[in-house]
Amino acid sequence: MNVSAGSPRRVGVFGGAFDPPHLAHTALALAVLEQLQLDELRVVPTGQAWHKSRSLTPAAHRLEMVRLAFGAMERVVVDPRETLRSGPSYTVDTLSELHAEFPLAQLFLIIGEDQAVALPTWHRWREIADFATICVAARAGFAGARGTFDALHQGLAPFQTIELPPMDVSATDIRERLATHQNIASLVFEPVARYIAHHHLYQTA
Ligand code: ATP
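Anchor point for the sequence shown: position 87 equals 832 in the numbering used here, and the numbering is continuous, going up by one each time.
Below, the structure is given as structure tokens:
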């Protein structure tokens with residue numbers, strides 16, 4: 746597929762709070778680029794999360810950390826649209842916009858198993874499957890959840906599984922480590938760790 750010859754045909758959409766972005770996020774991005782043969786992967790930091798109980802770090806910081814974590818990866822586009830939108834960030838709105846921008850493209854929504862299980866709670870979730878193939882990556886601690894998900898949504902839409910060795914990394918754990926002055930060097934890219942230190946992020950739990 747020659748991307749330069751026209752608009753991308755296979756576009757992945759990877760959303761998240763990225764508070765902060767970590768090495769499982771980037772491993773997942775590399776896995777989907779290859780396994781789904783994507784022309785482009787859009788990494789889309791959430792603006793206002795409707796589904797997280799805590800308030801997120803300001804979007805400008807998260808966006809900058811996402812640029813540091815993913816910016817150098819080929820075929821990855823950091824897409825700030827949700828951070829610029831007023832009101833809650835709904836994935837269905839983002840997919841609908843991308844569908845309008847790339848009418849010929851096949852869209853792939855990338856989510857971890859924890860989010861797959863929660864999908865029925867998402868805003869207009871049934872429409873999500875009309876816009877995109879839902880691609881689910883295994884997540885440590887959620888063994889068996891994918892089976893539950895399949896059983897729940899049989900017939901809804903084709904799903905694809907992303908092969909990713911379960912990585913026991915989460916932003917929650919990283920924030921907790923930082924608040925208790927533990928090392929996070931093995932969990933995030935060095936420029937992200939530097940950014941966090943420079944801006945004194947995640948000092949309290
Ligand atoms: P938090 O711990 O704050 O909930 P998180 O580590 O889950 O954060 P998010 O930014 O919420 O990170 O995740 C973005 C997407 O990446 C979600 O679809 C999530 O399921 C997926 N993801 C995050 N960490 C992993 C992981 N270790 N393995 C597989 N998928 C993951």
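Each residue gets a CB set at the ideal place from its N, CA and C atoms; glycine is no exception. Computed from a predicted model, the values in this text were never measured in an experiment.
Legend entry - Cβ-based burial, S834 [other Cβ within 10 Å; buried from 16]: Your numbering for residue 834 matches position 89 in the sequence shown. When all chains shown are included, S834 counts as buried.
Inset, instruction - Return helix, strand or coil for I929, following the three-state DSSP convention. - result: By 1-based counting over the sequence shown, the position of residue 929 is 184. DSSP places I929 in coil when its eight states are reduced to three.
Legend entry - R884 versus R869, I873, V862 and W870, residue with shortest Cα-Cα distance: If you number the sequence shown from 1, residue 884 lands on position 139. Residue V862 is the option with its Cα nearest to R884.
Legend entry - Nearest neighbour of D875, chosen from F853, L778 and T917 [CA to CA]: The residue you call residue 875 lines up with position 130 of the sequence shown. Nearest of F853, L778 and T917 to D875, Cα basis: F853.
Inset, instruction - Locate the beta strand (DSSP E) running through A877, then write down its first and last residues. - result: By one-based count along the sequence shown, residue 877 stands at place 132. Taken as a continuous stretch (DSSP letters only), the beta strand (DSSP E) holding A877 covers A877 to A882.
Inset, instruction - Could you tell me whether the region 764-784 touches the region 905-917, where touching means 3 or more Cβ pairs closer than 8 Å? - result: yes
Inset, instruction - May I have the straight-line CA-CA distance separating Y947 from E785, to the nearest angstrom? - result: The sequence position of residue 947 within the sequence shown is 202, counting from 1. The sequence position of residue 785 within the sequence shown is 40, counting from 1. Distance between the alpha carbons of Y947 and E785: 31 Å.
Legend entry - Near the ligand ATP: I941 beta-carbon under 6 Å from a heavy atom: As a first step, residue 941 is located in the sequence shown; it is residue number 196 there, counting from the start. Incorrect: I941 has no Cβ contact closer than 6 Å to the ligand ATP.
Inset, instruction - Answer with yes or no whether the minimum CB distance from L813 to chain D is below 7 Å. - result: Going by chain labels, chain D is absent from the structure shown, which holds only one protein chain.
Inset, instruction - Kindly indicate the opening and closing residues of the alpha helix (DSSP H) around F815. - result: Position 70 of the sequence shown, counted from the first residue, corresponds to residue 815. Start and end: A804 to F815.
Inset, instruction - Determine which residues share a DSSP beta bridge with G760 and list them. - result: As a working note, residue 760 is residue 15 in the sequence shown. According to DSSP, which records beta bridges pairwise, G760 is partnered with V789.
Inset, instruction - Determine, using beta-carbon pairs with one atom in the region 922-940 and one in the region 809-826, whether at least three such pairs fall under 8 Å. - result: yes
Inset, instruction - Using alpha carbons as the reference points, say which of A772, P803 and W795 lies closest to V788. - result: Taking the first residue of the sequence shown as position 1, residue 788 is located at position 43. The candidate whose alpha carbon is nearest that of V788 is A772.
Legend entry - Pairwise C-alpha distance: V758 and I929: The sequence position of residue 929 within the sequence shown is 184, counting from 1. The sequence position of residue 758 within the sequence shown is 13, counting from 1. If I take the Cα positions, the gap works out to 27 Å.
Legend entry - Helix, strand or coil at V914 according to DSSP, with G and I counted as helix: One-based indexing of the sequence shown puts residue 914 at position 169. V914 falls in the coil class under three-state DSSP.
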